[in-house]
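With the numbering used here applied, the sequence shown covers 95 to 419. Notes follow the structure.
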Amino acid sequence: MNLFVTGGAGYIGSAAAQALLEAGHSVTVYDSLVTGYRAAVPAGARFVHADLADEQTLAQTLASESYDAVMHFAAFIEAGESMKDPGKFFRNNLANSLALIEAAWRAGVRRFVLSSTAAVYASSDEPLTEDSPIAPANVYGFTKLAVEQTLEWYCRVHGLHYAALRYFNAAGALPGRGEAHRPESHLIPNVLQVALGQRQAASIYGTDYPTPDGTCIRDYIHIRDLVSAHLLALDALRERERLIYNLGNGAGYSVRQVIETARRVTGHPIPVVEHPRRPGDAPRLVACSDRIRRELGWDPVYPDLTDILASAWEWHRSHPHGYTP
Numbered sequence: 095m096n097l098f099v100t101g102g103a104g105y106i107g108s109a110a111a112q113a114l115l116e117a118g119h120s121v122t123v124y125d126s127l128v129t130g131y132r133a134a135v136p137a138g139a140r141f142v143h144a145d146l147a148d149e150q151t152l153a154q155t156l157a158s159e160s161y162d163a164v165m166h167f168a169a170f171i172e173a174g175e176s177m178k179d180p181g182k183f184f185r186n187n188l189a190n191s192l193a194l195i196e197a198a199w200r201a202g203v204r205r206f207v208l209s210s211t212a213a214v215y216a217s218s219d220e221p222l223t224e225d226s227p228i229a230p231a232n233v234y235g236f237t238k239l240a241v242e243q244t245l246e247w248y249c250r251v252h253g254l255h256y257a258a259l260r261y262f263n264a265a266g267a268l269p270g271r272g273e274a275h276r277p278e279s280h281l282i283p284n285v286l287q288v289a290l291g292q293r294q295a296a297s298i299y300g301t302d303y304p305t306p307d308g309t310c311i312r313d314y315i316h317i318r319d320l321v322s323a324h325l326l327a328l329d330a331l332r333e334r335e336r337l338i339y340n341l342g343n344g345a346g347y348s349v350r351q352v353i354e355t356a357r358r359v360t361g362h363p364i365p366v367v368e369h370p371r372r373p374g375d376a377p378r379l380v381a382c383s384d385r386i387r388r389e390l391g392w393d394p395v396y397p398d399l400t401d402i403l404a405s406a407w408e409w410h411r412s413h414p415h416g417y418t419p
C-alpha cells in the first residue's frame, strides 16, 4: 500500500512509518517539524516539510500520488497545556484535522486511521471499554473526540472507512527510536532524565486523588505494541467501515509506581518534589482492550511496566539529548 503519514517525524508517527516500511509499504511523511525531528523520519520514506494548515501544499501532496490510506498522528498532546491555551489545540488538533479529512477525501483516499486517546472518556474506577461514558476532562480530549465524530459523518455521507484508536500513554522505545518532546512533560522521560542528571527531581502533580497512593493512575502501552495495533486496524479497514478500539494493558500504574519502577531499572534514587494538581488531570484512566484482542487478534508483547521502562532507559542513555546531536 501507499500510505500518507502525518506527524511521521514525531514519537509515535515515526515508529509507525518505520513499521510500515518494514512491512513493504510505501510511505510519505508529512510533518511541520514544530514538535517533530527530521532525524526521526525513517530512511526510505518520502518527506514533505509542511503544515496541515497549508491547504495548497496539503492538497498538492495528496494529489501527487495515489494513496491507499491516511494515518494521522499530527497533533498537540499536552493535556495540561490544552487547558491553558485551548485555541492552540482547536486550531491544530481540530481545524487542521478537519482540513486533512476533507483534502484526503477530495484526493480519493478512502481509508483513514486516527491516533486518538482514552482522554475522550470520563474518569472511572474500572477499566474503560469502548462503551464507557464519554466526557473529556480537558480540551485535548475534546479535540480528539470531535475529530472522531467528524470521521463518523464522513463515513455515513461519503463512505470513508476509518479507525479511531484510543490509548493514553505510549511509552518505551525501539532501537534507535524513542521519546523526545520539546519541551518534555511526559512522566517517564522526565523521571529518566533525573537518572541521567538532567533534572534534579521528578515531579508529582497532585497527591490527594482518590487512588491507593493519592497519585493519578494511568495505562502505559509499549510503542511497539501500539504501532502493531495501527497496522492491524489499517488492514481491517479493507472490509470494515468503522473501527473504534481501546488500546491498553488493562493494568494501571500510579505516578509513584512508575517512579519506583524507574528507580529499580536505573539504580538511581530519583528524588521527588510534590506539587498541587494540574487542571485537566483525571484521577484514573485505564483502557480495556478486549475488543481489539477479540476482533483483530491484537495482543501486547511488552505489557510489563519494567520492560517498558527498560527499553526507554536504553534509548535515553544512548540518546541523552534525543535526536539532537
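Beta carbons: idealized from backbone N, C-alpha and C, even for Gly.
- In this chain, the alpha helix (DSSP H) harbouring His-410 covers 399-412.
- Straight-line spacing of the CA atoms in Tyr-248 and Leu-254 works out to 6 Å.
- The beta carbon of Leu-127 is closer than 7 Å to those of Ala-103, His-143 in its chain, skipping five residues each way along the sequence.
- C-alpha of Arg-378 to C-alpha of Ser-160: approximately 42 Å in a straight line.
- Straight through space, the alpha carbons of Asn-340 and Val-380 are spaced by roughly 10 Å.
- Nearest to Ala-113 by C-alpha distance, out of Asp-125, Val-367, Val-99, is Val-99.
- Approximately 6 Å separates the beta-carbon atoms of Ile-195 and Thr-244; this is inside 8 Å, confirming the contact.
- Cα atoms of Ala-173 and Asn-343: separation of roughly 21 Å, rounded to the nearest angstrom.
- Straight across, the Cα-Cα distance linking Ala-267 with Trp-407 is about 8 Å.
- Fully contained in the stretch 211-295 are the following beta strand (DSSP E) runs of length 3 or more, in chain order: 255-261, 263-265.
- Taking a C-beta distance under 9 Å as the contact criterion, Thr-305 and Glu-368 do not qualify as a contact pair.
- Within the same chain, and ignoring the five residues on either side of Leu-281 in sequence, the residues whose Cβ sits closer than 7 Å to its Cβ are Val-349, Val-352.
- DSSP lists no bridge partner for Glu-335.
- Counting only runs of at least 4 residues, the stretch 317-391 fully encloses the following alpha helix (DSSP H) elements, listed from N- to C-terminal order: 317-330, 349-360, 384-390.
- Beta-bridge analysis with DSSP links Leu-208 to His-166, Ala-258.
- Here the C-alpha atom of Pro-180 lies approximately 6 Å from the C-alpha atom of Val-233.
- Pairwise C-beta distances place the stretch 146-166 out of contact with the stretch 211-218, as fewer than three of them are shorter than 8 Å.
- Under DSSP, Ile-315 shares a beta bridge with Ala-264.
- Closest option to Leu-259, judged by alpha-carbon separation, among Thr-223, Arg-200, Arg-358, Glu-333: Thr-223.
- DSSP lists no bridge partner for Tyr-396.
- Spanning the alpha carbons of Gly-202 and His-275 requires a straight line of approximately 33 Å.
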